[in-house]
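A short worksheet on the structure shown next.
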Amino acid sequence: EAGVAQSPRYKIIEKRQSVAFWCNPISGHATLYWYQQILGQGPKLLIQFQNNGVVDDSQLPKDRFSAERLKGVDSTLKIQPAKLEDSAVYLCASCWGARMGTDTQYFGPGTRLTVL
Amino acid sequence: GNSVTQMEGPVTLSEEAFLTINCTYTATGYPSLFWYVQYPGEGLQLLLKATKADDKGSNKGFEATYRKETTSFHLEKGSVQVSDSAVYFCALKENTGFQKLVFGTGTRLLVSP
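In order, the protein sequence lines correspond to chains A and B. Counting in the numbering used here, the first sequence runs from 1 upward without gaps. Counting in the numbering used here, the second sequence runs from 117 upward without gaps.
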């Protein structure tokens, strides 16, 4: 079974520029997550989708971050404009359905963003 | 809110040594508990999990027991290998509401030959 795919793997931009990350979850997984992992810290949830609807975006900085999951499959996370503190690895994860209590989240390799 | 606390690293061991990485949690209700591992240049991989008190998760020689009385989920391995060098993350998953994962800060393990 193919895993969670993410692209690009690396991105370097200057502050105030825009950037977008793409995620393709495991086939059939209804729930998709975006996490931000700052160097030396654990991943922090940014947004959770159930199919194409947002379930939890309470920790998403909505003034600059946006995400969508059209058709309930692929997802895109955008930052506009980027700040220095956005430098991090952005992880995408998916699972069959978050309402299953013991459901396992599968993670992609991440996109490492460097903002100069 | 819910939180996870891990021992700080790096943890440096020689091959075949015994490993313990401490993890404690604060949560309302009865969360599920996880250990994830991140090898250099790779994404997070689930190592093991436990869903209720006294459950023991195990995989690849690693074990952790869900201790409700001490709110702990310590990771152990009897004999580490160089290939175990990685960053280990303890996490909890709320079993109500949005059921999101809450991670600790990670512990880097370095195993030398």
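We put the beta carbon where it would ideally sit given N, CA and C, even for glycine.
- Residue environment: residue 215 of chain B is assigned as buried (16 or more neighbouring CB atoms within 10 Å of its CB, all protein chains considered).
- Proximity of residue 45 of chain A to chain B, defined by a Cβ-Cβ separation below 8 Å, is satisfied.
- Along the stretch 210-228 of chain B, going in chain order, the ones with a CB nearer than 7 Å to a CB of chain A are 211, 214, 215, 216, 217, 219, 220, 221 and 222.
- Every beta strand (DSSP E) stretch that sits fully inside the stretch 27-78 of chain A and reaches 3 residues is listed by chain position as 31-37, 44-50, 53-56 and 65-68.
- Where residue 198 of chain B is concerned, there is no enclosing beta strand (DSSP E), because DSSP gives it neither an H nor an E.
- Between the C-alpha atoms of residue 46 of chain A and residue 128 of chain B there is a straight-line separation of about 32 Å.
- Inter-residue distance for residue 62 of chain A and residue 90 of chain A is about 16 Å (C-alpha atoms, whole angstroms).
- Across the structure, residue 227 of chain B and residue 72 of chain A are spaced so that their CA atoms are roughly 42 Å apart.
- Taking CB atoms only, residue 48 of chain A has a neighbour in chain B less than 8 Å away.
- DSSP places residue 179 of chain B inside the beta strand (DSSP E), whose first and last residues are 178-181.
- According to DSSP, residue pairing for residue 161 of chain B in a beta bridge involves B:153.
- With contact defined as three or more Cβ pairs closer than 8 Å, the stretch 137-146 of chain B and the stretch 108-115 of chain A are not in contact.
- Counting along the chain, residue 211 of chain B sits inside no beta strand (DSSP E), nor does DSSP assign it H or E at all.
- Where residue 172 of chain B is concerned, the enclosing beta strand (DSSP E) starts and stops at 172-175.
- The Cβ of residue 91 of chain A sits closer than 8 Å to at least one Cβ of chain B.
- Residue 158 of chain B reaches chain A at 109, counting residues in chain order whose Cβ is nearer than 8 Å.
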